[in-house]
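Colleague:
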Amino acid sequence: MKRVALYAAALGFMVFAGFPFYWMLVTTFKQNRDLYVGASDVSHIPWIFNDPPTLDHVRLLFGETEFPRWVLNTLIVVVAVVVITVAVAVPAGYSLARLAGRWGERMGMGIFFTYLIPPTLLFVPFSRLVALLGLHNSLGALILIYPTMTIPFCTWLVMGFLRSVPWEIEEQAMIDGYSRLAVILRVAPRLIVPGILTVVVFTFTLVMQEFVYALTFISSVEKMTISLGVPIALVRGDVYHWGSLMAAALFTSIPLAIVYNLFIDRFIQGFTMGAVKG
Amino acid sequence: MAGVEIRNLKKYFGDLHAVDGVDLSIREGEFLVLLGSSGSGKTTLLRMIAGLEHPTSGEIYIGGVRVDGDVPPRARGIAMVFQSYALYPHRTVFKNIAFPLEASRVPRQQIEAKVRWAAEMFSISRYLDRYPRQLSGGERQRVALCRALVRDPKVFLLDEPLANLDAKLRNTARDDLKRFQRQIGTTTVYVTHDQIEAMGLGDRIVVMEHGKVRQVGTPQDVYEDPVDTFVATFVGQPPMNLLDLGDPSLPPRTLLGFRPEHFLPRSTFAAGEDVRAFRFSVRRVEYLGSDRYVYGAVAESATPDATVIAKLPGTIAQAIPEGETQEFAVPRAALRYFDADTGLRRRS
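As given, the protein sequences belong to chains A and B, one line each in that order.
Using our numbering, read the first sequence as starting at 1 and increasing by one per residue.
Using our numbering, read the second sequence as starting at 279 and increasing by one per residue.
#1: Could you tell me whether the Cβ atoms of A/A279 and A/R163 are closer together than 8 Å?
#2: Give me the chain B residues within the contact set of A/Y178, using Cβ-Cβ distance strictly less than 8 Å, ordered along the chain.
#3: Classify B/A280 as helix, strand or coil using the three-state DSSP reduction.
#4: For B/D522, which option in B/T465, B/G621, B/K589, B/V433 has the closest C-alpha, if you only look at C-alpha atoms?
#5: Starting from the beta carbon of A/E294, find every residue of chain B whose beta carbon is closer than 9 Å, and list them in chain order.
#6: Could you spell out the range, first to last residue, of the beta strand (DSSP E) harbouring B/V608?
#7: If you draw a straight line from the alpha carbon of A/C154 to that of B/L379, how long is it in whole angstroms?
#8: Look up B/Y366 in the DSSP assignment and say whether it is helix, strand or coil.
#9: Can you check whether the C-beta of A/P20 is within less than 8 Å of a C-beta belonging to chain B?
#10: Chain A partners of B/H368, CB-CB under 7 Å?
#11: What runs of the alpha helix (DSSP H), each 4 residues or longer, lie entirely inside the segment 148-200 of chain A?
#12: My output table needs one value for B/Q493: the three-state DSSP class, helix, strand or coil.
#13: From A/I143 to A/V165, what distance separates their C-alpha atoms?
#14: Under 8 Å, CB to CB, which of the residues in the segment 577-591 of chain B have a partner in chain A?
#15: Let me know if A/A8 comes out buried or exposed under the rule of 16 or more other beta-carbons within 10 Å of its beta-carbon.
#16: What's the gap between the Cα of A/G274 and the Cα of A/V158?
#17: Taking 8 Å as the cut-off, decide whether the C-beta atoms of B/P538 and B/A588 are in contact.
#18: Just how far apart, CA to CA, sit B/R623 and B/Y615?
#19: Over the uninterrupted alpha helix (DSSP H) stretch that includes B/R544, give me the two end residues.
#20: What residues of chain B sit near A/E168, judged by a beta carbon separation below 7 Å?
#21: By how many angstroms is the C-alpha of B/L413 removed from the C-alpha of B/D407?
#22: Go through its chain and collect everything with a Cβ distance to B/V553's Cβ below 8 Å, but skip five positions before and after it.
#23: What residue from A/F126, A/T150, A/R3, A/L129 has the CA that sits closest to A/F113's CA?
#24: B/L313 and B/V484 - do their beta-carbons sit closer together than 8 Å?
#25: Just to confirm the assignment, what range does the alpha helix (DSSP H) spanning B/R614 have?
#26: Which residue from A/Y22, A/L133, A/N261, A/L256 puts its Cα closest to that of A/V71?
#27: Within 10 angstroms of the Cβ of A/R3, are there 16 or more other Cβ atoms? Answer buried if so, exposed if not.
#28: Counting only beta-carbon atoms, is A/K277 nearer than 8 Å to chain B?
#29: Assuming B/R482 contacts B/T496 under a Cβ cut-off of 8 Å, what Cβ separation, rounded to an integer in Å, is found between them?
#30: Only counting the same chain, and skipping five residues up and downstream in sequence, which positions put a Cβ closer than 7 Å to that of A/W242?
#31: According to DSSP, B/N519 sits in a beta bridge with which residue or residues?
#32: Whole angstroms are fine: how far does the CA of B/M358 sit from the CA of A/K277?
#33: B/N519: buried (16+ other C-beta within 10 angstroms of its C-beta) or exposed?
#34: Taking the alpha carbon of A/F123 as the reference point, which residue from A/I254, A/F21, A/F217 has its own alpha carbon closest?
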């Protein structure tokens, strides 16, 4: 009996979580008449194919917009930002947690607070900076700006994670014959892999969904990222190309969902280890 | 092999004086136990010997060589076992034990032979291919000891290595540890808060409190001749009874101390024996199988409410009814005197 209730609840959550994906899928392949007729005909059933499916919306997305280009742009920005963030935040978090003593904790909080400054306040100084560096309307602007959001948060994340990794293992390595530098380079990375993965996933998510800075600093269509290009190209005035919008969402989210599922255990471990035990 | 010499060693963390002027001379091949409650500075002292903490001031010599300055942990010729064992989680048991040898670039064949020898010694050869997470607590502890052993250290530093084992295992592990130390004869410094471990393992015991050494001596010295009331009540279970009798034959402000196992019914002593008798009003009796603990108060005491404990061995069959007053006595040779103000022992 208890089991049945448990499965019923799990099923409920699954439907709740999966329905948006189903909706994206159906909308992507529906004919326009099938999509819009419900507005005037209440007997129309919206969640099934009433007319045969079509590839028109997918064709529009891939043939008449720069979607493949945006995917490439997004990938370039994501990879660059992930590399920069890991390269800066992991050593920063490590040194603040392990080497800076009591001041490390306070500095870590200070760094975290900078993450809380709303982007709208930073437009003006950032646009001056971007203009000064000649990066306006280029992916370089995004690669420069995004780490200002990801590094503070990820530094703090790595600090929290390290608190749950006993220092004794690294001290043991120092006794066993390693110098402090050798411990940092050869022993510590292996211990904080889950923390690094968490940083990667968080940065990935943040960059994929960022819209406001992209809108501010990118103006040419061929330089846009997915999150900017899709709404700009497929929402024309008050005409929403729902089918193509949903197609874009579908083709972006499914590979991501697969990748996340491969890492989900470590991802959760990274978050809870830092958050709960810290 | 080498001894360890510590001179006026201090470690301050801000206002906290974790180690506050310790002088200690650890002999070659000795098994020395640092005993104290948490916060007594025993672990900080050990970590300073290891080189994991820098002393605020003072000197440390290992085998006659001064190491307190810039000698890093790896160059001090020590091996350490942490309470958590600190095994490398992603390495197999073999790789864990081999780690210090790999770090010092020992040839592969020699590593293989040495690891197998050490594993044989602690009978963990069967587990060499497993990962630490697949082992029980006792097995992990032995892996940690193995890893310490293969370094051929001048000094072993052990930080409560038995604290995470269950009570039954702890007894056999203690025995193994002592036998192993005798066999290889390496100087060992062992930190614990458990007085039974300290008494059972130590050639000498160092009792610490608030960063200071209270007493250094053999288990017998510490138990039978405590230098002050702290040591008297810290070592021994149940602790030594301390009474303020206000006895005019003694100097004023003198505390009388005696161990619970010396405080027995008057009738168990021969008539001519030199004892000091007390009227003991029994509150409660705890039957513990091999012993009985009798809780009560002594009428002669200046503070008649203070609890006094008697520990009667199972060989004394006499009935001790609760709520009654009985005549108990302590052999005069077992009485210890302390200054009530300073807590120090009075040898008079």
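Note that the Cβ used here is the ideal one computed from N, Cα and C, for glycine as well.
Values in this document were obtained by computation on a predicted structure and should not be read as measured data.
Modeller: On the basis of the coordinates in this document:
#1: Only positions 1 to 278 of chain A appear in the structure, and residue 279 of chain A is not among them; the question remains open.
#2: Reading the first sequence from its first residue, position 178 is the one you call residue 178 of chain A. Those within 8 Å of A/Y178 in chain B are R352, A381.
#3: Within the second sequence, the letter at position 2 stands for residue 280 of chain B. The answer is coil: DSSP assigns B/A280 none of H, G, I, E or B.
#4: Taking the second sequence and counting its residues from 1, the one referred to as residue 522 of chain B is at position 244. Nearest C-alpha to B/D522: B/G621.
#5: Chain A is shown from 1 up to 278; residue 294 of chain A falls before or after that span and cannot be answered.
#6: Here residue 608 of chain B corresponds to residue number 330 of the second sequence, with the count starting at 1. First-last of the beta strand (DSSP E) with B/V608: 603-609.
#7: Residue numbering aside, residue 154 of chain A sits at position 154 when the first sequence is read from its first letter. Residue numbering aside, residue 379 of chain B sits at position 101 when the second sequence is read from its first letter. Straight-line Cα distance between these residues: approximately 36 Å.
#8: To locate residue 366 of chain B, count along the second sequence from 1; it is residue 88. Here B/Y366 sits in coil by DSSP.
#9: Start at 1 with the first residue of the first sequence, and residue 20 of chain A comes out as number 20. No, its Cβ sits nowhere closer than 8 Å to a Cβ of chain B.
#10: Translated into the one-based positions of the second sequence, residue 368 of chain B becomes position 90. The contacting residues are R190.
#11: 168-175, 188-191
#12: The residue given as residue 493 of chain B occupies position 215 in the second sequence. Three-state DSSP puts B/Q493 in a strand.
#13: Start at 1 with the first residue of the first sequence, and residue 143 of chain A comes out as number 143. Start at 1 with the first residue of the first sequence, and residue 165 of chain A comes out as number 165. Answer to the nearest angstrom: the Cα atoms are 31 Å apart.
#14: none
#15: Position 8 of the first sequence holds residue 8 of chain A. Under this definition A/A8 is an exposed residue.
#16: Against the first sequence, residue 274 of chain A aligns to sequence position 274. Against the first sequence, residue 158 of chain A aligns to sequence position 158. Because A/G274 sits at a pLDDT of 42, beneath the cut-off of 50, its placement in the model cannot be relied upon, and the following sentence gives the value as read from the coordinates. Cα-Cα distance, rounded: 8 Å.
#17: The residue labelled residue 538 of chain B in the question sits at position 260 within the second sequence. The residue labelled residue 588 of chain B in the question sits at position 310 within the second sequence. Cβ atoms of B/P538 and B/A588: closer than 8 Å.
#18: Reading the second sequence from its first residue, position 345 is the one you call residue 623 of chain B. Reading the second sequence from its first residue, position 337 is the one you call residue 615 of chain B. C-alpha separation (whole angstroms): 6 Å.
#19: Residue 544 of chain B sits at position 266 when you count from the first residue of the second sequence. No alpha helix (DSSP H) holds B/R544; DSSP gives it neither H nor E.
#20: Your numbering for residue 168 of chain A matches position 168 in the first sequence. Result: F360, S362, A364.
#21: To locate residue 407 of chain B, count along the second sequence from 1; it is residue 129. To locate residue 413 of chain B, count along the second sequence from 1; it is residue 135. Using only the alpha carbons, I get a separation of about 11 Å.
#22: Position 275 of the second sequence, counted from the first residue, corresponds to residue 553 of chain B. Result list for B/V553: R544, F547, A607, V608, P609, R610, in chain order.
#23: Locating residue 113 of chain A in the first sequence gives position 113, where the first residue counts as 1. For A/F113, the nearest C-alpha among the options comes from A/T150.
#24: Residue numbering aside, residue 484 of chain B sits at position 206 when the second sequence is read from its first letter. Residue numbering aside, residue 313 of chain B sits at position 35 when the second sequence is read from its first letter. Cβ distance < 8 Å, so B/V484 and B/L313 count as in contact.
#25: Here residue 614 of chain B refers to the residue found at position 336 of the second sequence. Premise fails: B/R614 lies in the beta strand (DSSP E), 614-617, not in any alpha helix (DSSP H).
#26: Here residue 71 of chain A is taken as the residue at index 71 of the first sequence, counted from 1. Nearest option by C-alpha distance: A/L256.
#27: Walking along the first sequence from the start, residue 3 of chain A turns up at place 3. By the neighbour-count rule (16 or more Cβ atoms within 10 Å), A/R3 is not buried but exposed.
#28: Here residue 277 of chain A refers to the residue found at position 277 when the first sequence is read from its first residue. Unreliable placement is indicated for A/K277, whose pLDDT of 33 sits below 50; no coordinate value is reported for it.
#29: Sequence index remark: in the second sequence, residue 482 of chain B carries index 204 (1-based). Sequence index remark: in the second sequence, residue 496 of chain B carries index 218 (1-based). Indeed, because the Cβ distance is near 6 Å, the residues count as touching under 8 Å.
#30: In the first sequence, the residue the question calls residue 242 of chain A occupies position 242. Answer for A/W242: T27, L35, listed in chain order.
#31: Here residue 519 of chain B corresponds to residue number 241 of the second sequence, with the count starting at 1. For B/N519, which the question treats as bridged, DSSP gives the partners B/F536.
#32: On the first sequence, residue 277 of chain A is found 277 positions in, with the first residue counted as 1. On the second sequence, residue 358 of chain B is found 80 positions in, with the first residue counted as 1. Note that A/K277 scores a pLDDT of 33, beneath 50, so its modelled location is shaky; the value from the coordinates is reported in the next line. If I take the Cα positions, the gap works out to 26 Å.
#33: For the purposes of this step, residue 519 of chain B is taken as the residue at position 241 of the second sequence. So B/N519 ends up on the buried side.
#34: Against the first sequence, residue 123 of chain A aligns to sequence position 123. Checking every option, the nearest Cα to that of A/F123 belongs to A/F217.
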